[in-house]
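Asker: With the working numbering, letter number 15 in the sequence shown gets 85, and the count goes up by one each step, no holes. So that we are looking at the same thing, I have put the structure below in structure tokens.
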Amino acid sequence: MRVARGQIWHLPRLALILWAFTRATPWLPLVRSRRADLRALIVVIRRGWVRVIRDGQGVVGFIVRDGTVLHALYIDPARRGQGLGRLLLMQAKTEADALQLWVLEANHAARLFYVREGFEEVARGHGAGNDEGLPDILMVWRGQGGAA
């Protein structure tokens, strides 16, 4: 497994991984078009916020991080449960003293994952800050220094 900076040619695979999650998540309203998703992915790739994890077959997951803020973490559905998300998150932890993210309250699997990875709940929101308008939770990992 190799973590590398996301490149524009990874865009089709990143989109497929993202869309596999949105299609398989019945409680998640579809609020953006696929075209809007592609535009958003292009922006974060160009900003250098994307890291991908690859195996011999290609990209199997990605993380989007701007400094201490995690915006997204997605793994190919066929590859979930194999530690790939943990590897991406470990890479992010080596590059930041603290990390924070908003996770949708209804995303129980993600919430459990982040708790296992040392994140703590610090606040709750009513959805005003996310595209879906769903209740969310601010989670923070404080790293070695303990700062958030």
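Virtual Cβ for every residue (Gly too), placed ideally from N, Cα, C.
In the DSSP assignment, the alpha helix (DSSP H) including isoleucine 145 goes from what residue to what residue?
Answerer: Taken as a continuous stretch (DSSP letters only), isoleucine 145 belongs to no alpha helix (DSSP H), being part of the beta strand (DSSP E) at 139–145.
Asker: Mark alanine 162 as exposed unless 16 or more other C-beta atoms lie within 10 angstroms of its C-beta, in which case mark it buried.
Answerer: Its Cβ being crowded by 16 or more others within 10 Å, alanine 162 is buried.
Asker: Pick from Thr95, Leu86 and Val114: whose alpha carbon is nearest that of glycine 75?
Answerer: Reading off the sequence, residue 75 comes out as arginine, not glycine. Per the Cα distances, Val114.
Asker: In this structure, does DSSP put phenylalanine 91 in helix, strand or coil?
Answerer: Phenylalanine 91 falls in the helix class under three-state DSSP.
Asker: So the candidates are Asp206, Val192 and Glu187; which of them puts its Cα closest to the Cα of glycine 38?
Answerer: Shown here, the chain extends from 71 to 218; a query on residue 38 therefore has no answer.
Asker: Please give the ranges of any beta strand (DSSP E) in the stretch 149–208, keeping only runs that are unbroken, at least 3 residues long and fully inside the region.
Answerer: As far as the stretch 149–208 is concerned, its whole beta strand (DSSP E) runs of at least 3 residues are 169–174 and 190–195.
Asker: Taking glutamate 202 and proline 99 to be in contact with their CB atoms under 8 Å, please state how far apart those CB atoms are, rounded to whole angstroms.
Answerer: Yes, they are in contact, since the Cβ atoms of glutamate 202 and proline 99 sit about 5 Å apart, within 8 Å.
Asker: With a Cβ-Cβ cutoff of 8 Å, do isoleucine 123 and leucine 84 count as a contact?
Answerer: Their beta carbons are not under 8 Å apart, which means isoleucine 123 does not touch leucine 84 by this criterion.
Asker: How long is the line joining the alpha carbons of arginine 181 and aspartate 206, rounded to whole angstroms?
Answerer: For arginine 181 and aspartate 206, the distance between alpha carbons rounds to 10 Å.
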